[in-house]
Structure formats: structure tokens, C-alpha cells
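Report on the structure given below.
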Amino acid sequence: RRRRRKTAYANVRRSMRLVVDDLDDANPDDIAYAYSHSGYAPLSVRLILAAVQSGWRRVEDALRHLPGPHFEYAQGRDFDDVSSAAGSGAPVVEPRVRRDWFDAKLQSAKRLETRRDATDEGTKPKTAQKPKRPVVFVFFVGGVTRAEISCLRFASRTMRVGCDFVVGATSVVNGNGLIESLMDDARVFEPLDALDVLEVRGGGGKS
Numbered sequence: 001r002r003r004r005r006k007t008a009y010a011n012v013r014r015s016m017r018l019v020v021d022d023l024d025d026a027n028p029d030d031i032a033y034a035y036s037h038s039g040y041a042p043l044s045v046r047l048i049l050a051a052v053q054s055g056w057r058r059v060e061d062a063l064r065h066l067p068g069p070h071f072e073y074a075q076g077r078d079f080d081d082v083s084s085a086a087g088s089g090a091p092v093v094e095p096r097v098r099r100d101w102f103d104a105k106l107q108s109a110k111r112l113e114t115r116r117d118a119t120d121e122g123t124k125p126k127t128a129q130k131p132k133r134p135v136v137f138v139f140f141v142g143g144v145t146r147a148e149i150s151c152l153r154f155a156s157r158t159m160r161v162g163c164d165f166v167v168g169a170t171s172v173v174n175g176n177g178l179i180e181s182l183m184d185d186a187r188v189f190e191p192l193d194a195l196d197v198l199e200v201r202g203g204g205g206k207s
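Under our numbering, think of the first position of the sequence shown as 1, with each following residue one higher.
Written out as C-alpha cells, the structure is:
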């Protein structure tokens, strides 16, 4: 079992590029740079970027090595519903990959960003169109680290993913909190330890 887990991690590490050796400090273009300049890319952020850019089908092999089920729900628009404003269709969520609407917005934002960056700042008109980027809400169940949040900000700002991330979580995890979660709660265990001492001194507990 240990060998299987080790092999699974090695496969995920390679396929998801969790370790990046050749970081460009002058022009960083990978989240591994944002993760404390360590060259390590958090798996959670890699999965988020994969879901945004191309869906999880391209990383299906890596997902098979991860514990727990995985699934993808895509929000699109029901264009048969003309009751909404401008006949644009009501939002609908379906248990299949229907992401044409999102992908169109994403690609449009990327094109505008590329065009804006290619324009010389000195000749850039004041009325240049600012790309309207779709917003992706990411929620971490169980907690998120500040480093993971920094990686998402870096990806949105530097990697031209074409969207902005809004992060929510049940908690923000730090080093102290992680260590404390592994320690015994003195408020619970001290009274139990005292009770054991009383039982030993009293001759072995109940008769």
C-alpha cells in the first residue's frame, strides 16, 4: 500500500507539474514562483487552473490517483428561455460539460489583455477598452493557506488566465494552527489524567 501511494504521488507530481526546477526570477510565469519562491506548485491551485482553462478531462489521469470522487458541473445559459433580459437566456447548471458561454468570455478577456499589453503605453489611447473578465468563485472546504491565495492572485494577475478569482474557505490555515490541531486539548485531557491518578491512588478504580 505504501508503494502504491508513493507511486500515485509521483504520477500526480509529474502530470500536474507540482515541482518546477527552472523558475524564471526575472519574468516569473508560474504559480510555483508565487509559493514563497520555492518551486513548488500547490496541487489545489493546479486543479483550479486546469478546471478554468480546459476542464478536468485533460487531467483525468491525475485525478484518478487522488482520494475521493470528482465531478464537474458547468454553468451555461438556457437560450430557449427568452423571458430574461435581452433574451440572453436564464442561467442553468447541468451535470455535464456545457461551458461554451464561460469559455467565450474567457477567450475574449485573454484577447483584450494581449492586445492591451502589446500596445505601446505612450501611444495607448485613453479610451482603450478594459477587458471585462469573468469572475470565478473558489471555495475551500477544510481551510486554505495564504500561500494558495497568493498563487491564485498571481495566476489572475500575471499568467493571463482571463478571469479573476474570489476565494472563500471554512478557515485560513497557518503553521501555528496546524500544529495546534495535532496537539491534545489540555482542557479535555487534564481532567481525565487527574481522574486516572485518583483511581490509581484509591486502589484501582471501581469495586
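Backbone N, C-alpha and C define an ideal beta-carbon position, used for all residues, glycine too. The model shown is predicted, which means the values in this text are computed figures rather than measured ones.
Span of the beta strand (DSSP E), counted from its first residue to its last, around residue i
i, result
"Asp164", "Asp164 to Ala169"
Rounded separation between residue i and residue j - CA only
i, j, result
"Lys105", "Pro134", "6 Å"
"His70", "Thr145", "22 Å"
"Ala51", "Asp103", "11 Å"
"Val141", "Ile48", "14 Å"
"Glu60", "Phe154", "25 Å"
"Asn174", "Met159", "26 Å"
"Pro67", "Met16", "16 Å"
"Leu18", "Phe137", "23 Å"
"Glu113", "Glu180", "44 Å"
"Gly55", "Val167", "19 Å"
"Ser150", "Asp24", "18 Å"
"Asn176", "Pro28", "30 Å"
"Lys132", "Phe139", "22 Å"
"Gln107", "Leu182", "45 Å"
"Asp100", "Ala62", "24 Å"
"Arg58", "Arg14", "14 Å"
"Gln53", "Leu178", "32 Å"
DSSP state of residue i mapped onto helix, strand, coil
i, result
"Phe71", "coil"
"Tyr40", "strand"
"Gly87", "Low local confidence applies: a pLDDT of 46 at Gly87 is under 50, so the model's placement there is unreliable, with the coordinate-based value given in what follows. Helix, per DSSP."
"Leu18", "coil"
"Val141", "coil"
"Val12", "helix"
"Val59", "helix"
N- and C-terminal bounds of the alpha helix (DSSP H) containing residue i
i, result
"Val45", "Leu43 to Gln53"
"Asn174", "No alpha helix (DSSP H) holds Asn174; DSSP gives it neither H nor E."
"Tyr33", "Ile31 to Ala34"
"Ala155", "Arg146 to Thr158"
Expected contact under 8 Å - CB spacing of residue i and residue j to nearest Å
i, j, result
"Gly143", "Ala109", "About 30 Å separates the two Cβ atoms, so there is no contact after all."
"Val20", "Ala32", "4 Å"
"Val45", "Leu152", "6 Å"
"Ala8", "His65", "4 Å"
Open item on the list: Does the region 32 to 45 come into contact with the region 160 to 167, if we say contact requires no fewer than three beta-carbon pairs (one atom in each stretch) closer than 8 Å?
Closed with: no
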